[in-house]
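Novice: Residue numbers (the numbering used here), protein chains in the order written: chain E, 1 to 362; chain B, 1001 to 1362.
Number of protein chains: 2
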Amino acid sequence: MNYVGRLAALRESMAQADLSALLVSRPENRRYISGFKADDGALTESSGHLLVTPDQALLLTDFRYQEEAAEEAPGFAVKVYTKGLDKLLAELVPELGLKSIGFEEDYLIFRQVKTLAKELDGVELKPTSDLVADLRIIKEPAEIRAIEDSLALIEEVLDGLFNDLRPGMMEEVAAWRIISGLHERGAGIAFEPIVASGPNGAKPHAVPGSRKIREGETIVMDVGARLEGYRSDITRTAWLGPFSDKFKEVYSVVREAQLTAAEGIKPGMSTEEADALARKVIEKAGYGNAFGHSLGHGVGLETHEPPSVSPLKSSELKPGMIHTIEPGIYLPGWGGVRLEVMAEVTETGCRVLGGLNRFYTF
Amino acid sequence: MNYVGRLAALRESMAQADLSALLVSRPENRRYISGFKADDGALTESSGHLLVTPDQALLLTDFRYQEEAAEEAPGFAVKVYTKGLDKLLAELVPELGLKSIGFEEDYLIFRQVKTLAKELDGVELKPTSDLVADLRIIKEPAEIRAIEDSLALIEEVLDGLFNDLRPGMMEEVAAWRIISGLHERGAGIAFEPIVASGPNGAKPHAVPGSRKIREGETIVMDVGARLEGYRSDITRTAWLGPFSDKFKEVYSVVREAQLTAAEGIKPGMSTEEADALARKVIEKAGYGNAFGHSLGHGVGLETHEPPSVSPLKSSELKPGMIHTIEPGIYLPGWGGVRLEVMAEVTETGCRVLGGLNRFYTF
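(1) Does the CB of Lys1203 (chain B) have a neighbour CB from chain E at under 8 Å?
(2) Please compile the residues from chain E whose C-beta is within a distance smaller than 7 Å of the C-beta of Trp1176 (chain B).
(3) What residues from the region 1067-1100 of chain B come within 7 Å of chain E, judged by C-beta to C-beta, listed N to C?
(4) Note down, in chain order, every chain E residue with its Cβ under 7 Å from the Cβ of Ser1129 (chain B).
(5) Is the number of C-beta pairs between the region 10-22 of chain E and the region 91-103 of chain E that are closer than 8 Å three or more?
(6) Along the beta strand (DSSP E) that carries Ser1308 (chain B), what are the first and last residues, could you check?
(7) I'd like to know whether the C-beta of Gly1292 (chain B) is nearer than 8 Å to at least one C-beta of chain E.
(8) Determine which residues of the region 1027-1059 of chain B have a Cβ less than 8 Å from any Cβ of chain D, and write them out in chain order.
(9) Within 10 Å of its beta-carbon, does Leu161 (chain E) have 16 or more other beta-carbons around it, so buried, or fewer, so exposed?
(10) If contact is defined by three or more beta carbon pairs under 8 Å, each pair taking one atom from either stretch, is the region 215-234 of chain E in contact with the region 1083-1098 of chain B?
(11) So if DSSP puts Trp239 (chain E) in a beta bridge, which residue, or which two residues, is it bridged to?
(12) Restricting to Cα atoms, I'd like to know which of E:Leu301, E:Val80 and E:Ser310 is closest to Asp275 (chain E).
(13) Using a Cβ-Cβ cut-off of less than 8 Å, give me the residues of the region 1202-1228 of chain B that come near chain E, in sequence order.
(14) Assign Gln1016 (chain B) to one of two classes, buried (16 or more other C-beta atoms within 10 Å of its C-beta) or exposed (fewer than that).
(15) Distance check for Gly5 (chain E) and Thr369 (chain E), CA to CA, integer angstroms please.
(16) Applying the criterion that 16 or more other CB atoms from any shown protein chain within 10 Å of the CB defines a buried residue, is Arg1166 (chain B) buried or exposed?
(17) Can you name, in chain order, every residue of its own chain whose Cβ lies under 7 Å from the Cβ of Gly1335 (chain B), other than the five neighbours on each side?
(18) Just tell me which of E:Thr303, E:Leu50, E:Gly241 and E:Ala174 has its CA closest to the CA of Lys212 (chain E).
(19) Within a Cβ cutoff of 6 Å, which residues of the same chain sit near Leu1047 (chain B), ignoring the five residues on either side of it in sequence?
(20) Against Phe1063 (chain B), what residues of chain E qualify as contacts under a CB-to-CB distance less than 9 Å, listed in chain order?
(21) Measure the C-alpha to C-alpha separation of Pro141 (chain E) and Phe1362 (chain B) and round it to an integer number of angstroms.
(22) Ordered along the chain, which non-local residues of its own chain (more than five positions away) have a Cβ less than 6 Å from that of Met269 (chain E)?
(23) Which of helix, strand or coil does DSSP assign to Phe1359 (chain B)?
(24) Got a sec? Which residues, its chain only, sit under 6 Å from Glu1119 (chain B) by beta carbon, not counting five neighbours each side?
(25) Determine the direct distance from the alpha carbon of Glu344 (chain E) to that of Leu281 (chain E), and round the result to whole angstroms.
(26) Who does Arg1338 (chain B) pair with in a DSSP beta bridge?
(27) Closer than 6 Å by C-beta to Gly1354 (chain B): which residues in its own chain qualify, once you throw out the five before and the five after it? Chain order, please.
(28) Confirm, please, whether the CB-CB distance from Val1299 (chain B) to Ser1232 (chain B) is below 8 Å.
(29) Output the distance between the C-alpha atoms of Gly1209 (chain B) and Leu1125 (chain B), rounded to the nearest integer angstrom.
(30) Can you give the Cα-Cα distance for Ile109 (chain E) and Lys1114 (chain B), rounded to whole angstroms?
(31) Please report the distance separating the alpha-carbon of Met1169 (chain B) from that of Ala1238 (chain B).
(32) Figure out for me which residue from B:Ala1257, B:Glu1143, B:Leu1116 and B:Thr1235 has the closest Cα to the Cα of Met1321 (chain B).
(33) Since Leu1339 (chain B) contacts Phe1359 (chain B) with CB under 8 Å, what's their CB separation in whole angstroms?
(34) Which residues bound the alpha helix (DSSP H) around Ile282 (chain E)?
(35) Whole angstroms is fine: what's the gap from Leu58 (chain E)'s alpha carbon to Val254 (chain E)'s?
(36) Can you give the Cα-Cα distance for Pro307 (chain E) and Phe291 (chain E), rounded to whole angstroms?
Laid out in structure tokens, this is it:
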């Protein structure tokens, strides 16, 4: 991974935004810029912050992480705080002659900003948004390979689960196959697997429970791996026993919506247009109200990251972006069908990643 | 769990704080007050918010969670937002005649507060802190039972790992025994297990890797379960082969520090005094600089929650609080010893929970 290039690119973005210092607090942003891998224990339990200026690259952390920080982020000078970030910054500000510091308004909680403002009297705190996210959104070739490795793993594990699916298997047992299959392969989960059978499939974010899978109902499996920090995220919908006509109809609509989007997505297109490619297919089939979420989202160091492939906050699709294509139809009382693949925006169109061909054709 | 009583208690706290409406956004707080179990997907991916007024109890969520919300939080009226929380609140504010709304400054990110302020022009947004946390800090008897159930599970699993520890076992394999042992028992992890062997033990938050456990070194295992939302958190330090003198010395100091704290903690004591009970033992033995974290933290719906048993932000210990007692000594290059038990502050003192007696006596 090109940490040197990323830091240089961030400094360029900072110059354009007229920022002489930036505090990088989101764990994935910290990792992307410095290599420091630690997650945050919780929202109010940071593992550290980067402080980047035109000529300084500091990693501010506490006692617990000082060894990892020095090992993982050799390009950064580690400074340990014992009384919190605020006090250390209050010492560094005069030392470095800082008049203003940018912070990540999408990560720092309200109270933290309030506390910083109080402690750093006389320093202007500038809310920034997306400075690192805008770099992360275009993946380096090494990152695309890392994402494909993560995807290959989850595809292998999900393929195995497909073979094992039987009536009577509890949802949570199926979910456990995913978790254990990933761990046995040296990876982790990107998120708690969703295995939602029958009516549970109508809840896009159902939590697997003791319900037993049956013949003649939808089984939505939304799963992903985390490997070396990089995520994958795919969904397939299974059915045991003879297909019902309704299932065939609903499934075909969702699959057609997905294929239409995968064929139509091009660089330069807006995310709203991309979303509409699939949405129109579903609307035309009369299920428009049953597709209540957006078509997809970016995937990388986070499972959900920009771009949001959505009409709500439209942006432009560009080569090197990786995002999901996941149309769905959810019918309360009946179940749901969601089909999710990952795709790369290329110079000319859209390349679906992975190869798990667990799709029904009727 | 007493949801009706909790909502009434929250309304009383709101009245005392002169708040006519409160937005409850932190997932554990939402769950505590309403029963709605969903986690947030990420910081910027809320599963919902409670809006509590003296006579209204609303659960604002999106399409994905509407079914769970209605099932799990029968005392709340579910309102679904399609264009985000801000727009729904903008509709509700005039309907409910709200002039001000409290928000959780320890959970909402800076940008969200900015956006709300813009969208809810003319409504005063009041930062609040700890309103629900102050209720959660004293556990109901049913909660103490839930925490003890969670603790019993992790103790059983860690006991099994103790029996299985062998030279040559990789740290990550040991960690996986914890994860799988909990899942086989119908529970989940409270946090990624820490298994840190040899020099890795000097990093209080080491991530288990491919390093193989050896004889003659410390093996720090910090593990916890999540069962029905409630967490447990314990640490034991193991040693394979004949004990070294240094290990015996360091271990004895840590254990004495822990027992001294467990015997001395009483309701009415400050967290600073409680921390000092253990810290003095370690300082007296000459290892003061090697105990770089605080003595403990509360445990409940979150792994780390108030009270912080620490000198940094002292508060009063009261009956019904549950917290860890986890002194440690960390020696870079050598390893570490941390011993962590959970305890309840009682009417007269402190009751150590659980019964896993995996402590060495020499």
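Positions of the beta carbon are idealized from the N, C-alpha and C atoms, including for glycine.
Remember, it's a predicted structure, so these values are computed and weren't measured experimentally.
Specialist: Based on what the coordinates show:
(1) Taking Cβ atoms only, chain E reaches closer than 8 Å to Lys1203 (chain B), which makes this a yes.
(2) Residues of chain E whose Cβ lies closer than 7 Å to the Cβ of Trp1176 (chain B) are, in chain order, His183.
(3) From the region 1067-1100 of chain B, only Glu1067 and Glu1068 have a Cβ closer than 7 Å to chain E.
(4) Correct list: Arg111.
(5) In short, these stretches touch, since the Cβ pair count reaches three.
(6) Per DSSP, Ser1308 (chain B) belongs to the beta strand (DSSP E) from Glu1305 to Val1309.
(7) The beta-carbon of Gly1292 (chain B) is placed less than 8 Å from the nearest beta-carbon of chain E.
(8) The chain inventory of the structure shown lacks chain D, comprising the protein chains E and B.
(9) Taking all protein chains shown into account, Leu161 (chain E) has 16 or more neighbouring C-beta atoms within 10 Å of its C-beta and is therefore buried.
(10) The region 1083-1098 of chain B makes no contact with the region 215-234 of chain E; the number of CB pairs closer than 8 Å stays below 3.
(11) Residue pairing by DSSP places Trp239 (chain E) opposite E:Thr218 in a beta bridge.
(12) When only C-alpha atoms are compared, the closest one is E:Ser310.
(13) Against chain E - using a Cβ distance shorter than 8 Å - the residues of the region 1202-1228 of chain B are Ala1202, Lys1203, Pro1204, His1205, Ala1206 and Val1207.
(14) The residue in question, Gln1016 (chain B), is exposed, as its Cβ has fewer than 16 Cβ neighbours within 10 Å.
(15) Here chain E comprises residues numbered 1 to 362, so residue 369 (chain E) is not present and cannot be evaluated.
(16) Arg1166 (chain B) should be labelled exposed.
(17) Excluding sequence neighbours, Gly1335 (chain B) sits near Gly1198, Pro1199, Gly1201, Ala1202, Glu1217 and Thr1218.
(18) Ranking the options by Cα distance to Lys212 (chain E), first place goes to E:Ala174.
(19) Looking at the sequence itself, residue 1047 (chain B) is Ser, so the reference to Leu does not match. Setting aside the 5 residues that flank it on each side, Ser1047 (chain B) is surrounded in the same chain by Ala1038, Asp1040 and Tyr1065, each with a C-beta closer than 6 Å to its C-beta; the list follows chain order.
(20) Simply Pro204, Gly292, His293 and Tyr330.
(21) So the alpha carbons of these two residues sit roughly 56 Å apart.
(22) The answer, listed in chain order, is Leu317.
(23) Note: Phe1359 (chain B) maps to coil in three-state DSSP.
(24) Excluding sequence neighbours, Glu1119 (chain B) sits near Asp1086 and Ala1090.
(25) According to the sequence displayed, residue 281 (chain E) carries Val and not Leu. The alpha-carbon of Val281 (chain E) is positioned some 22 Å away from that of Glu344 (chain E).
(26) DSSP lists B:Gly1328 as partners of Arg1338 (chain B).
(27) For Gly1354 (chain B), where only same-chain residues beyond five positions count, the Cβ hits under 6 Å are Leu1151 and Glu1155.
(28) For Ser1232 (chain B) and Val1299 (chain B), yes; Cβs fall inside 8 Å.
(29) In this structure, the alpha-carbon of Gly1209 (chain B) lies about 46 Å from that of Leu1125 (chain B).
(30) The C-alpha of Ile109 (chain E) lies about 11 Å from the C-alpha of Lys1114 (chain B).
(31) Roughly 13 Å separates the two Cα atoms.
(32) The shortest C-alpha separation from Met1321 (chain B) is found at B:Glu1143.
(33) At roughly 7 Å, the Cβ-Cβ gap stays under 8 Å, so Leu1339 (chain B) and Phe1359 (chain B) are in contact.
(34) Looking at the DSSP string, the run of the alpha helix (DSSP H) that includes Ile282 (chain E) is Thr271 to Lys284.
(35) Per the coordinates, the alpha-carbon of Leu58 (chain E) lies some 48 Å from the alpha-carbon of Val254 (chain E).
(36) Approximately 19 Å, taken between the alpha carbons.
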